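Inspection log for the structure reproduced underneath, given as C-alpha cells.
Number of protein chains: 2
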Amino acid sequence: MTAPAALPAVDLELDRTWTYGPDVQHGGYLLELLGAAAVDGSPHPHPLAVSAHFLSAPKLGAARIEVERLRTGRSVSTTRARLVQGGRVCLDAVVTAGLLGAPGEPGYAEGAPPELPPLEQCLSNTPQPGEPRNGITEQLDLRLDPAAAGWLGTPSERAEVRGWVRFASVEGAPRREVDPLALLCLADGLPPVTSALGLRGWVPTVELTVHVRARPAPGWLRMVQSARLLQDGWLDESCEIWDSTGRLVAQATQLAGYRPPA
Amino acid sequence: MTAPAALPAVDLELDRTWTYGPDVQHGGYLLELLGAAAVDGSPHPHPLAVSAHFLSAPKLGAARIEVERLRTGRSVSTTRARLVQGGRVCLDAVVTAGLLGAPGEPGYAEGAPPELPPLEQCLSNTPQPGEPRNGITEQLDLRLDPAAAGWLGTPSERAEVRGWVRFASVEGAPRREVDPLALLCLADGLPPVTSALGLRGWVPTVELTVHVRARPAPGWLRMVQSARLLQDGWLDESCEIWDSTGRLVAQATQLAGYRPPA
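Structure follows, in C-alpha cells:
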C-alpha cells in the first residue's frame, strides 16, 4: 500500500486541438491530461494540489503518460504522472488528490473575485486577422477586461490580466462545464501578464502549481492573473479562479521564462 | 543527455537538529536537503523552482534520498529528488535549477518588503516555558512582528505573519548566511498564519512550491506569509522573502491541512 507502484501507462496522440500556431501544445491542456491520468481509477478523483515542471515541448503525434502511485492514504492519494515522447520527459507532474464535497463555510476568507465589466463590454479572445492560429481561443470562451488589454494599444501600468471564462461550444456540441480537472487547464488559460504591459516576448512556463479549493458551480468563472517581478528573463504569475457564486475555486502560481522578441 | 538518469542515492541520518517536539522534522529543512541533493554536481547549482509533495512524516534515523536527473539543458537542469524511508516515500520533489548571477534591473516590479517594527521591538521566537522543544527556533533567529502575533493574546483579523529572519549562531559557530538553497528552508520558516488568527490546530504541509528569484544579500531578511482561504480543513499560504537590500529573493506557496485541536 505504501510502496510506490507503477500503474499502466496511457498512450495518446497529441493533435492540433489545443495548439498555439502549428504545434505548440497549451500547457494547461497538458496538465489536465496528466491530472486525469493520475486520478483515473483512484478513490480520490479530484486534484487538490498539482505541481508540474515543463522540461521540453512535446511534438504532435504519439506520446505516453507514465503513472506511478506514490501513496494511497485515507483522505488523499499522491501520484506522479510524466509525459514522455521518444525517451524525453516533456512534463513531470505530481498530483495530490482527494474528494471534494459540497464546500462548507470558510473558517477564514480574504479577497474577492476580480471586478470585471459586463460580458458584453469585454474583449472576446477570437484571434485577430494575421495572428497565428490559437487552439486555446477555440476551446475556451474568454472575455477579457479591456482595461487590462495592453497588447491592443495602451500598456497597463500593472502586470495583470483578468476576464470571464467558460468552455466554448465547439461545433455545436454541448458546452462542457468546468470541473476540478478542467481547473488545471484554465489555470494556464489567460494571456501572459506581460501582454498587459505591451511586451510581446515569448513566455514559456517552467513550473506551474495549481491548488484546487472547491468544485466550481456551473456558469461563467472569473479569473485574474498578476506578477510581482520580471527580472533576468524570469517572471512569476499568480492566478485565481472564482466561480459564479463568488467562491474561490483555484489558485495557481507559475515561474516562466521571458524571451524578448527577436 | 535527454533521457532520465538515476544518480547515486544519498544516505543520511535524520536527527533532532530541526525537529518540532521529539521527532517531527521541519518541512523546509527537508526541502533544502532534497534541493541540495538535486543540484549536487550539476552545472546549475541554484534551485529556481522547487515543488514538493509531503506524503508521510519521516522518523528519526536512517533515510535515503533517491535522485533522478530528468534533463540537463543549456540554462537549466531538472531533477527529481525523493526522500524514502523503509520503502515509504516521505517527500517527493522536483527541482528546476540554474545559475543565478548578480541580479539585473527588473523589467517590472510590484510590491515592497513587509513593513516591520525595528528588530528590538519584535518578538524573538524562543519557545515559552512549557512549550514543546522546537528545533526551528534553535536554528533560525526569527523576530516576529508583535502586531501579527495573535497566538499571544489578541487574534489578528488577517491571516498574516511577518518578521525578520537570519540563521542563528549555534553554539558560537559562525552564523551561516542565507544562500539560494537556504531559501528553500526559510520558505517554511514562519509560524502558520492560523496562529495569527489565534487558532491552535496542526497545519501539516501537503504541497510546497518555492521560486527563488535572486541570490540574497548578506544580513537580515524580511518575510511575510498570508492566506486567502481556510475551508474544509485546507489552507493556502503564500510567502515572500525580501533581502536586506529590499530585493524580492523568493516566493513560496503551500497547500496545508488544518486539523483543529482535539
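Protein sequence lines, in the order shown, are assigned to chains W and Y. If you use our numbering, the first sequence corresponds to residues 17 to 278, in order. If you use our numbering, the second sequence corresponds to residues 17 to 278, in order. Every residue, glycine too, gets a C-beta built ideally from N, C-alpha and C. The structure displayed is predicted, hence computed values, not measured ones.
{"Check": "Residues sharing a beta bridge with residue 258 of chain Y, DSSP", "Outcome": "Y:238, Y:264"}
{"Check": "Residue from Y:196, Y:112, Y:181, Y:157 whose Cα sits closest to the Cα of residue 130 of chain Y", "Outcome": "Y:181"}
{"Check": "Residue 17 of chain Y to residue 153 of chain W span [Cα, whole Å]", "Outcome": "Because the pLDDT of residue 17 of chain Y is 44, which lies under 50, any placement of that residue in the model is unreliable, and the number read from its coordinates should be weighed accordingly. Answer to the nearest angstrom: the Cα atoms are 36 Å apart."}
{"Check": "Interfacial residues, the stretch 66 to 82 of chain W to chain Y, with Cβ spacing under 7 Å", "Outcome": "67, 69, 71, 72"}
{"Check": "4 or more residues per run - each alpha helix (DSSP H) lying fully within the stretch 123 to 190 of chain Y", "Outcome": "151 to 155"}
{"Check": "7 Å Cβ cut-off: residues of chain Y touching residue 227 of chain W", "Outcome": "252, 271"}
{"Check": "Assigned secondary structure, residue 51 of chain W (DSSP; H/G/I helix, E/B strand, else coil)", "Outcome": "helix"}
{"Check": "For residue 88 of chain W, the three-state DSSP class (helix, strand or coil)", "Outcome": "strand"}
{"Check": "Spatial neighbours of residue 52 of chain Y in its chain, beta-carbon cut-off 8 Å, leaving aside the 5 residues before and after", "Outcome": "197"}
{"Check": "Cβ-Cβ distance between residue 161 of chain Y and residue 188 of chain Y below 7 Å", "Outcome": "no"}
{"Check": "The stretch 48 to 68 of chain W / the stretch 111 to 123 of chain W touching (three or more Cβ pairs under 8 Å)", "Outcome": "yes"}
{"Check": "Environment of residue 230 of chain Y [buried if 16+ CB atoms lie within 10 Å]", "Outcome": "buried"}
{"Check": "CA nearest to the CA of residue 120 of chain W, picked from Y:77, Y:248, Y:138", "Outcome": "Y:248"}
{"Check": "Three-way DSSP call (helix, strand, coil) for residue 33 of chain W in this model", "Outcome": "coil"}
{"Check": "Contact between the stretch 98 to 108 of chain Y and the stretch 75 to 89 of chain Y (3+ Cβ pairs under 8 Å)", "Outcome": "yes"}
{"Check": "Beta-carbon proximity check, residue 266 of chain W vs residue 252 of chain W, cutoff 7 Å", "Outcome": "no"}
{"Check": "Residue 84 of chain W and residue 22 of chain W closer than 7 Å at C-beta", "Outcome": "yes"}
{"Check": "Beta-carbon proximity list for residue 108 of chain W, same chain, < 6 Å, skipping 5 on both sides", "Outcome": "69, 98"}
{"Check": "Three-state secondary structure assigned by DSSP to residue 66 of chain W", "Outcome": "strand"}
{"Check": "Distance, residue 26 of chain W Cα to residue 73 of chain Y Cα", "Outcome": "31 Å"}
{"Check": "Residue 145 of chain W versus residue 272 of chain Y - alpha carbon distance", "Outcome": "46 Å"}
{"Check": "Residue-level contact to chain Y via CB, residue 87 of chain W, 7 Å cutoff", "Outcome": "yes"}
{"Check": "Selection of the stretch 121 to 133 of chain W by Cβ proximity to chain B, strictly under 7 Å", "Outcome": "Note that chain B does not occur in the displayed structure, where the protein chains are W and Y."}
{"Check": "Three-way DSSP call (helix, strand, coil) for residue 222 of chain Y in this model", "Outcome": "strand"}
{"Check": "Per-residue DSSP class, three states only, for residue 93 of chain W", "Outcome": "strand"}
{"Check": "Nearest-angstrom Cα separation, counted from residue 259 of chain Y out to residue 211 of chain Y", "Outcome": "24 Å"}
{"Check": "Under the three-state DSSP convention, the category residue 76 of chain W falls into", "Outcome": "coil"}
{"Check": "Buried or exposed (CB count within 10 angstroms, at least 16 for buried), residue 128 of chain Y", "Outcome": "exposed"}
{"Check": "Beta-bridge partners of residue 227 of chain W, as assigned by DSSP", "Outcome": "W:65, W:267"}
{"Check": "Own chain residues within Cβ distance below 6 Å of residue 240 of chain W, not counting five before or after", "Outcome": "130, 178, 256"}
{"Check": "Chain-ordered chain Y contacts of residue 105 of chain W [CB-CB under 7 Å]", "Outcome": "20, 86, 87"}
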